[in-house]
Structures are given as structure tokens and as C-alpha cells.
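Accompanying notes for the structure given below.
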Amino acid sequence: MGTCVSGTVGFIGYGNMAQAIAKGALNAGVLQGENIVACAHNFEKLERNTSLIGARAMRTAQEVCEASDVIIIAVKPYQVAEVLKPICEVINERGIAVISVAAGWTLERYMELLGKNAHVQCIIPNTPIAVCQGVTLAETTHTLSDSQLSMFSALFEPISLVERVNSDHMNIAMCISSCAPAFTAMYMEALGDAGVKYGLQRDCAYRLAAKMIEGVGALYMDSRTHPGIMKDAVCSPGGTTIRGVAELESRGFRGDVIAAVDAIENK
């Protein structure tokens, strides 16, 4: 359990990522529902979603700003300027910390929009943050004060690995941390299908695959052992695992993964 964050956190936009952050913060004990406010385009849907965690639904971004010590910008990237322009004044007057999860919005862009005195940190989290197993990419440069940076750390470190990345590398880092969960879910599904093909119950196959993926990641984080060495450790000469590895190599498994990242980077 983390230390409870003092103050109120406001979400401007309350879609899947915003809800994942809020859920993770509650699960980790760093926020209480009463310390979360949010606004979104569909107010009825917002009320339903905020009621699940005891958060407060508000009708406008202005109301969120007036109630919050830090705001998390969680609207679509193309909506950021439209949403923030009317509230620039209150953000600056109150010195509110702005945490952005909008892909493509760098500190430089926010300073042009909000002004040179704004307090901004750009991040890209991923969805496992909901279960306190996330990754949060944080742009190296920011304009948060020391106290705001402490609040940011208290909020995000208990629910994710916070990795500092320079602005030029945010996109490729996002491919690995925020796009690859889809690839990993496909891999888990494929292992499940293989298990079912040979007689396992599907829920059993998925549990085995999910825990295996979680465990391999945890093993690396604990030991920092090179993935190739981890692979070699379970490949006995002439054994079953090396036969599977050889088949994956013959089908270009690693090349396909790199090609998937290439497709995102070279869009």
C-alpha cells in the first residue's frame, strides 16, 4: 500500500486510461474516491463510471480545475487544445499541476498552449496500471515544482514502473510499453488455443499462460538477466523447449515482433 496522496486529483476526460489510473490508485491506497473528480463529454456515462469508485462527476473542465490540486488530461490528443484553451487562466492562477496522457503532446506543445509559467508533466501509462502493474513513461523534461513532483511520484510509483524517457524516444517507448500489451494478449490467447487443442480447459490454459507471462517479467525485473540467457536456461540439449524455440525461429517469430513495431513507428 502506498502513502495516501493529499489533495484532489481531477480527470479531464474519463475514458479507459483515466479509469485505469483511478482504479490503480484506489487499489494501491494512494487515493480515496472522495479525492477524485472528473468530467467527460457524456455526463450520464461519467456518473455511472465515477460512482463505481465513489468519485465525483462534474459537468465542466472549469469545475474540475476549481476543485483540483492536479489535473490529468485524458482526452483524445486532437481534443486537448479545444478543451484547455478556455481554462488556461484558472490553471495558471491556481498553479495547478497538469499531467498529460495525450500521446504526441510534449512539454513544448503544452508551454505554447498554456504559457511559460505552467506546471506540466507529460506521461504515457499503460492499462495494467489498473492492477498496480503498469508502466508510466514520463517525459524527462517537465516544469513541476518540487512538491508537485513529489505528489506525482506518490501517485504513480505505487501503481507503475515510472520510466523517464526523453521526448524524442517517447513514441518508441510507447510502442513497447503501451502497444505491446495487445501483442502479449494475442500471444496469451494463442497459448490458450494450443492448450485447448490438446485437451486443457480454456480458463486453465489462460491462467497458466497469464501467470507464466507475469512470472517471466518479474524474474527479469528481479535479476536483470539477459532474456537470451533466460531462454537458454530452459532449453536442454535435445529437449522439448528447444524444439519449440527452433520452430518459432523458423517462422520468423522475433522478426515478426520487430516488424510490428516498425509498422507503428513508420506509420
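One point on numbering: in my numbering, the residue at position 85 of the sequence shown is 91, and numbering is uninterrupted.
A virtual CB, placed ideally from N, CA and C, is assigned to each residue, including glycine.
Our two residues, E72 and N22, have alpha carbons roughly 24 Å apart in a direct line. Scanning the region 51–120 from its first residue to its last, the whole beta strand (DSSP E) runs of 3-plus residues come out as 76–79 and 103–106.
Under the criterion of beta carbons closer than 8 Å, C128 and I270 do not qualify as touching, at roughly 19 Å. Counting along the chain, no alpha helix (DSSP H) covers C128; the unbroken beta strand (DSSP E) around it starts and ends at H125 to P131.
If you look at V222, you'll find it in the alpha helix (DSSP H) that goes R208 to S229. The beta carbons of V104 and I79 sit about 6 Å from each other, so the pair counts as a contact at 8 Å. By a beta-carbon distance limit of 8 Å, A63 does not contact G39. Their separation comes to about 12 Å. In this structure, the CA atom of S173 is about 10 Å from the CA atom of A179. For S166, the uninterrupted beta strand (DSSP E) segment begins and ends at S166 to V171.
Sorting T112, S74 and G101 by C-alpha distance to the C-alpha of P83 places T112 at the top. Assignment of L32 by DSSP, reduced to helix, strand and coil, places it in the helix class. V86 is classed as buried because its beta carbon has at least 16 other beta carbons within 10 Å across all chains shown. Separation of T190 and R170 (C-alpha to C-alpha, rounded to the nearest whole angstrom) is 23 Å. For F49, the number of other beta carbons within 10 angstroms of its own is below 16, and it is reported as exposed. Per the coordinates, the alpha-carbon of S74 lies some 38 Å from the alpha-carbon of Y226.
The alpha-carbon separation between A28 and G121 amounts to approximately 28 Å. Beyond the five residues adjoining it in sequence on each side, L52 comes within less than 8 Å, by CB distance, of Y20, A44, C45, A46 and A63 in the same chain, given in chain order. For T247, the enclosing alpha helix (DSSP H) has its first and last residue at T246 to S256.
Here DSSP, grouped into helix, strand and coil, assigns T14 to coil. Around the CB of E145, 16 or more other CB atoms lie within 10 Å, so the residue is classed as buried.
Around the beta carbon of S229, fewer than 16 other beta carbons sit within 10 angstroms, so the residue counts as exposed.
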